[in-house]
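Below is one structure, written out as structure tokens; comments come after it.
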Amino acid sequence: MKQLLTFVKKEFHHILRDKRSMLVLLGLPIVQLLIFGFAITTETRNCNIAILDNSKDEATQNIITRIESSTYFDIERTLSSNDQIEKTFKTGRIKLAIVFQSNFQNDLLHTNKAQIQIITDASDPNQATTLTNYVSAIVREYQQELNQNKDLPYTINTEIRMLYNPQLKGEYSSVPGVMGMILLLISAMMTSISIVKEKEIGTMEVLLVSPMKPSIVIASKVIPYFIVSLINVITILLISNFVFGIPIQGSFLLLGFITVIYIICALSLGILISTVTSSQQAAMIISLMGLMLPVVMLSGYAFPIANMPLILQIISNVIPAKWYIIMVKDVMIKGIGLFEIWQELLIIIGMTTFFLGLSIKRFKVRLQ
Amino acid sequence: MRTLFFLLRKEFLQILRNKLMIRMIFALPVVQLIILPNAANYEMKNINMSIVDHDHSEYSRQLINKFTSSGYFQLTNVSETYKDALVVVEEDKADLIVEIPQGFERDLIRDNKSKTMIVANAINGQASGLSVSYANAIIQDFNSEVRVEWIQTPRLNPQPIIEITTSNWFNPKMNYKYFMVPGVLVLLVTLVGFLLTAINIVKEKEDGTIEQLNVSPIKKYQFILGKLIPFWIIGNIVLSIGFGISYIVYGIFPAGNPFLIYLFAAVYLIALLGFGLLVSTFAETQQQAMFISYFIMTVFILLGGLFAPIENMPGWARILAYLNPVSYFIEVMRMIVLKGSGFTDILRYLCIISLFAIGFNTLAILNYKKTV
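Protein sequence lines, in the order shown, are assigned to chains G and F. Under our numbering, the first residue of the first sequence is numbered 1, with each subsequent residue one higher. Under our numbering, the first residue of the second sequence is numbered 369, with each subsequent residue one higher.
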């Protein structure tokens with residue numbers, strides 16, 4: 001025990017000495033959370049569009065003014081002919097073009113029917129759909145004002161209630177996501193690299209022939225990073241509470257417990273990575289290149305898992321972050337208890353045991 | 369020239385010697401490009417819903433039918449009470465509850481007015497907003513059907529109607545993969561190129577081999593070029609493999625001139641690798657270089673325009689995105705691959721990325737001097 005303590009102290013000194021790395025390790029969660037909270041918003045605003053007004057009358061002017069005054073759109077340019085549309089799209093400056101047919105107001109007043117064409121840059125289908133909806137809503141509003149007589153008979157009114165996140169804030173799903181991603185990446189990367197480093201320099205051999213058990217050597221490398229990860233969790237929770245206003249609905253203790261288990265899982269994944277490589281470069285490629293995008297894209301926080309093809313839904317099960325994110329949402333936002341999340345917790349514990357078991361096996365092989 | 373040639377030979381030998389690395393450099397992007405773009409799909413299908421029908425009438429049944437046959441919703445649960453349905457949402461087995469009150473049909477016909485309630489799990493604000501608007505559209509649709517049933521509609525439309533037609537250009541089938549594949553490919557090329565270079569000079573520092581290079585008559589620019597060219601070639605190979613996969617797996621062939629992409633990629637890689645080298649000259653240990661790269665890569669990737677359109681971001685984030693070479697490559701890649709944009713369309717981006725290339729490499733050369 002005393003040996004372990006001395007070793008942990010030594011490792012801590014190593015880490016603390018490297019101020020730049022420290023700054024990254026502790027600063028990254030803050031930066032990432034702020035980017036996710038503020039920059040990656042689902043709201044659309046300031047989208048550049050072009051308008052081709054073939055009618056130039058009061059009605060079209062009226063609609064254009066409405067579009068211009070909405071926060072969603074900035075009119076980048078006004079076009080004068082059809083063939084300018086494609087050219088403008090190809091420069092990448094606009095995402096949407098609105099075309100008013102000629103005689104717009106006349107048709108509207110006399111035949112009760114007028115036409116607007118919306119052309120979108122559907123290379124981003126999601127944005128194209130959203131923008132189309134916004135323009136349609138603005139036009140519909142204008143139309144409704146034209147038709148003052150409302151109050152239709154036989155009306156079904158719908159009452160809408162949004163559970164857990166009535167203001168539909170993006171942070172409610174991004175905070176658990178960032179926690180899942182940062183803890184996994186930082187813990188796995190830090191551990192794997194720091195263990196491999198000893199191998200690369202050759203000091204690992206020295207440590208292993210010393211009277212200390214390999215498990216103590218590994219533990220002393222892992223514990224400081226465990227503490228760094230805990231600090232990160234606390235920072236994230238503080239920011240999410242004080243900056244984004246997300247309260248912790250469930251038990252704080254339970255949240256802490258599942259987080260500790262998850263960090264241990266991530267650290268053991270790091271240990272496992274360190275047993276399969278012998279150079280820091282390779283460890284980095286595996287832990288960064290191999291984990292970063294899959295964790296972001298398959299853990300269910302950038303894209304909903306339910307929408308994925310079946311095969312990817314199956315693959316997503318091996319991403320520990322997926323289970324942790326579900327648990328954090330359950331405990332932190334829904335405020336439910338251990339009884340509802342025991343399955344997810346068991347899966348994480350199972351993964352941890354698997355990673356550790358495999359590491360121990362591989363570690364022994366290496367020593368022979 | 370001969371010096372550079374020898375340097376390059378040395379670098380290539382070092383890279384090729386590490387079999388595990390070589391395998392990963394090429395295998396990881398391939399596997400990820402095949403898998404990941406499929407994950408990105410905002411199109412909502414099969415939203416799990418729970419129904420609480422207190423009315424059990426003909427109309428409530430019709431409405432439920434409309435929901436289940438819409439293709440958006442999957443009826444996973446029928447609850448007797450709202451409370452029971454809420455438990456189902458808590459357990460994540462449903463994301464949406466539709467409650468039909470008692471007297472739904474009677475009120476609608478007799479009092480001209482009836483009510484339904486939609487309750488959504490809103491933790492994911494965007495998804496829940498969408499599913500609620502689908503549900504609402506279905507109810508409104510049902511509503512107008514009821515109206516048609518009870519009201520004789522006049523033949524001529526008495527109210528002015530503005531008809532909106534929509535055409536979706538460049539991706540008329542609204543295939544999300546066409547959007548994701550070029551973007552993911554850019555990220556993969558970026559990750560490989562950046563991570564490899566960022567660690568490279570530091571490794572020589574840590575191993576001590578850089579001392580030997582420093583005392584040799586190699587010029588600084590030769591040294592930097594010797595480091596840059598191998599990774600530039602690797603980047604281009606990964607890019608080409610990526611195009612192969614995009615074509616074979618996803619059937620995506622650039623609408624524009626493919627050489628234009630290579631032209632841009634050539635300059636982009638110089639910029640990116642220059643930045644990687646800059647990090648390398650700046651860091652003291654490999655570990656440090658990795659953490660710094662991790663930090664930079666995360667910010668680059670998140671603000672690259674793949675996960676959220678840059679126009680939507682607040683001012684400070686847009687400024688960061690303008691300083692992010694990744695966002696230019698993603699944009700240009702999509703322009704050429706999907707829209708068939710030409711040289712004059714991308715010229716602006718090409719100029720910007722050239723400035724990045726010159727800037728980063730100059731800084732890397734200057735900073736390398738300092739560390740000697």
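Glycine included, every Cβ here is placed at the ideal spot set by N, Cα and C. A quick note: this is a predicted structure, and the numbers were derived from the prediction, not measured.
- Residue nearest to R17/G within the set T666/F, Q655/F and V694/F is Q655/F (criterion: CA-CA distance).
- Between P550/F and S608/F, the alpha-carbon positions lie close to 12 Å from each other.
- In this structure, the alpha-carbon of Q442/F lies about 22 Å from that of N126/G.
- For L464/F, there is no enclosing alpha helix (DSSP H); the residue is part of the beta strand (DSSP E) that begins and ends at L464 to I468.
- Look at E159/G: its C-beta is under 8 Å from a C-beta on chain F.
- When the beta-carbon positions are compared, M665/F and I285/G stay at least 8 Å from each other.
- V500/F is the residue among F538/F, D509/F and V500/F whose C-alpha sits nearest the C-alpha of E159/G.
- Across the structure, T558/F and T653/F are spaced so that their CA atoms are roughly 22 Å apart.
- The DSSP-derived three-state label of D452/F is helix.
- Against chain F, a Cβ distance below 9 Å from N241/G picks out nothing, because the smallest value is about 16 Å.
- CA-to-CA, the gap between I258/G and L734/F works out to about 48 Å.
- The C-beta of G37/G comes no closer than 8 Å to any C-beta of chain F.
- Runs of the alpha helix (DSSP H) lying entirely within the segment 390 to 446 of chain F, each at least 4 residues long, are 426 to 436 in chain order.
- Counting of Cβ neighbours within 10 angstroms places L346/G among the exposed residues, the total staying below 16.
- Closer than 8 Å to the CB of P693/F there is not a single CB belonging to chain G.
- Excluding its 5 nearest sequence neighbours in each direction, I326/G has C-beta neighbours in its own chain below 7 Å: E344, listed in chain order.
- Sequence-distant partners of R45/G (beyond 5 residues in either direction) whose C-beta falls short of 8 Å from its own C-beta, in its chain, are T71 and Y72.
- Counting along the chain, T88/G sits inside the alpha helix (DSSP H) bounded by residues D83 to K90.
- Counting along the chain, D53/G sits inside no alpha helix (DSSP H); it lies in the beta strand (DSSP E) bounded by residues C47 to D53.
- DSSP places L96/G inside the beta strand (DSSP E), whose first and last residues are L96 to F100.
- With a threshold of 16 other beta carbon atoms within 10 Å, M369/F falls short and is exposed.
- Taken atom to atom, the span from the alpha-carbon of V398/F to that of A407/F is near 15 Å.
- Secondary structure of N232/G (DSSP, three-state): helix.
- For N241/G, the CB contacts under 8 Å within the same chain, skipping 5 residues up- and downstream, are P247 and I248 in chain order.
- The C-beta of F728/F has 16 or more other C-beta atoms within 10 Å across all chains shown, which makes the residue buried.
- Judged by DSSP in its simplified three-state form, M1/G adopts coil rather than helix or strand.
- With a threshold of 8 Å between beta carbons, Y440/F makes no contact with chain G.
- Judged by DSSP in its simplified three-state form, K541/F adopts coil rather than helix or strand.
- Sequence-distant Cβ neighbours of S173/G in its own chain, meaning closer than 7 Å and more than five residues away, are Y301.
- Closer than 7 Å at the C-beta level to chain F, one finds these residues of the segment 114 to 138 of chain G: A114, Q115, I116, Q117, I118, I119, T120, D121, A122, S123, D124, P125, N126, Q127, A128, T132 and S136.
- Distance from the CA atom of Q281/G to the CA atom of Y618/F, rounded to whole angstroms, is 32 Å.
- Taking CB atoms only, D713/F has a neighbour in chain G less than 8 Å away.
- For F89/G, the chain F residues whose C-beta falls within less than 8 Å of its own C-beta are W537, F538 and K707, listed in chain order.
- When Cβ pairs closer than 8 Å are counted between the two stretches, the segment 261 to 271 of chain G is seen to touch the segment 218 to 238 of chain G, the count reaching three or more.
- Per DSSP, the unbroken alpha helix (DSSP H) holding K378/F starts and ends at R370 to R385.
- If the five residues before and after L185/G are omitted, its C-beta is found closer than 7 Å to the C-beta atoms of L291, M292 and V295, all from its own chain and listed in chain order.
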